[in-house]
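**Q** After the structure tokens below, expect a handful of questions from me.
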């Protein structure tokens with residue numbers, strides 16, 4: 005299984021999707037759904053673009069992570085890979101829970117009126133009392149890291165076996181996706197989980213009781229590995245299906261909107277909506293991979309810098325967004341000025357901390373998941 009050629013399009017997609025995450029979290033300040041800090045004026049119409057983005061933004065990241073795992077295992081032993089996953093995911097998670105996330109919970113408690121006083125008083129007294137939401141200890145937006153760590157550890161033995169052996173399974177997948185619409189058979193497991201598991205297990209991001217989100221996400225992670233394991237076959241199929249996938253994505257989301265607006269929930273509606281949702285998710289994942297492969301699979305200094313910066317940006321960004329939002333929430337500025345301040349402030353402060361502090365202090369690198377620069381072109 006040859007996976008030594010770097011895919012710059014995957015680097016671009018990783019950067020773009022994490023960049024969209026910042027816009028999404030800024031949007032959460034203004035929509036009706038619950039979030040850590042809310043604006044004094046809510047804009048109901050914003051939920052439509054937010055719903056569209058919400059359905060595929062995290063699924064594609066799990067697929068990309070599975071792809072990265074396939075590349076990484078090509079250069080590392082099983083034991084080394086498992087240890088590196090802990091260093092790159094576990095350490096930033098612990099550091100984030102101790103240093104990065106507490107300010108978010110502090111601002112929440114100030115808004116709720118359940119705490120008053122300085123941040124230092126909060127941090128040295130109740131910051132780590134109990135588990136959120138009843139208590140204050142939380143991983144908040146960093147929930148992606150423990151899930152990814154567990155997925156990596158659980159599936160590594162299987163992945164190593166699939167890499168070392170030319171299994172019938174991988175050959176079957178290659179044969180399957182080359183059939184007309186064969187790539188859409190990947191939707192079936194997602195549909196079964198969406199329709200049969202989701203109603204009973206609301207998303208909690210707590211790992212231990214989050215069965216729908218856990219199963220759905222680990223399937224996507226597995227898909228990422230398997231698709232890379234097929235070699236060039238997957239990329240050839242993408243070129244053929246991208247227009248069909250785009251059409252299905254538009255139809256899938258538009259149909260969901262019609263259902264949300266005009267139909268009451270019931271068994272038929274539930275199973276129909278579940279099908280539309282997973283087809284929509286998978287279609288946009290294919291669309292993004294296809295067009296990125298066509299237009300973005302080339303090296304540049306910009307993507308090299310951004311790809312290294314994206315992980316620290318992810319760790320830092322929501323705390324900065326929540327902090328700015330706290331001071332903006334009661335101002336009568338309107339949507340556009342507040343959005344501009346939040347977006348520019350989040351990107352700008354994240355960049356300043358990354359470029360002027362994290363990059364220049366090597367001791368901070370492992371705390372934010374940064375690896376040392378390699379003279380070789382990496383493949384993961």
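In our numbering, the protein residues as written are 5 to 384.
A virtual CB, placed ideally from N, CA and C, is assigned to each residue, including glycine.
Answer yes or no: do residue 166 and residue 233 have a C-beta to C-beta separation smaller than 8 Å?
**A** Contact flag set, yes.
**Q** Does the distance from the C-beta atom of residue 190 to that of residue 286 stay below 8 Å?
**A** Annotated as proximal: residue 190 and residue 286, with beta-carbon spacing under 8 Å.
**Q** With the cut-off set at 8 Å, would you say residue 35 and residue 51 are in Cβ contact?
**A** yes
**Q** Can you give me the C-alpha to C-alpha distance between residue 368 and residue 21, rounded to a whole angstrom?
**A** 25 Å
**Q** State the Cα-Cα distance for the pair residue 13 and residue 292, rounded to the nearest angstrom.
**A** 10 Å
**Q** Starting from the C-beta of residue 316, find all residues in its chain whose C-beta is less than 6 Å away, skip the five residues before and the five after it, and write them out in chain order.
**A** 358, 362, 372
**Q** Quick test of the definition: if touching needs 3 or more C-beta pairs under 8 Å, does the segment 149–163 touch the segment 83–98?
**A** By the Cβ test, the segment 149–163 is in contact with the segment 83–98, since at least three Cβ pairs between them sit closer than 8 Å.
**Q** Answer yes if the segment 108–126 comes into contact with the segment 191–204, meaning at least three C-beta pairs across the two stretches below 8 Å, and no otherwise.
**A** no
**Q** With residue 100 and residue 229 assumed to form a contact (beta carbons below 8 Å), what rounded beta-carbon distance in angstroms separates them?
**A** Contact flag wrong, Cβ pair sits at about 26 Å.
**Q** Determine the burial state of residue 380: buried for a count of at least 16 other Cβ atoms within 10 Å of its Cβ, exposed for fewer.
**A** Model confidence at residue 380 stands at a pLDDT of 40, short of 50, so the residue's coordinates are unreliable and nothing is read from them.
**Q** Assign residue 201 to one of three DSSP states: helix, strand, or coil.
**A** Coil.
**Q** From which residue to which residue does the alpha helix (DSSP H) around residue 63 run?
**A** 51–76
**Q** So, with DSSP's three-state summary, where would you put residue 164?
**A** helix
**Q** Using the DSSP secondary-structure output, state which residues sit across from residue 141 in a beta bridge.
**A** 135
**Q** Considering residue 179, what are the terminal residues of the alpha helix (DSSP H) in which it resides?
**A** 172–181
**Q** Quick one: Cα of residue 288 to Cα of residue 249, how far?
**A** 7 Å
**Q** Give a yes or no on whether the C-beta atoms belonging to residue 324 and residue 350 are separated by under 8 Å.
**A** yes
**Q** Helix, strand or coil: how does DSSP classify residue 47 here?
**A** coil
**Q** Can you check the segment 180–256 for any alpha helix (DSSP H) of at least 4 residues that lies completely inside it and give the ranges in chain order?
**A** Taken in chain order, the whole alpha helix (DSSP H) runs of length 4 or more contained in the segment 180–256 are 191–200, 215–233.
**Q** Checking 8 Å against the spacing of the C-beta atoms, do residue 11 and residue 311 come in under that value?
**A** no
**Q** For residue 29, which three-state DSSP category applies?
**A** Looking at residue 29 - three-state DSSP - the assignment turns out to be helix.
**Q** Figure out for me which residue from 262, 239, 328 has the closest Cα to the Cα of residue 294.
**A** Per the Cα distances, 239.
**Q** Taking residue 307 as part of the alpha helix (DSSP H), name the residues at either end of that continuous run.
**A** 305–332
**Q** Below 8 Å, how does it come out for the segment 196–214 and the segment 275–283: are there three or more Cβ pairs, yes or no?
**A** yes
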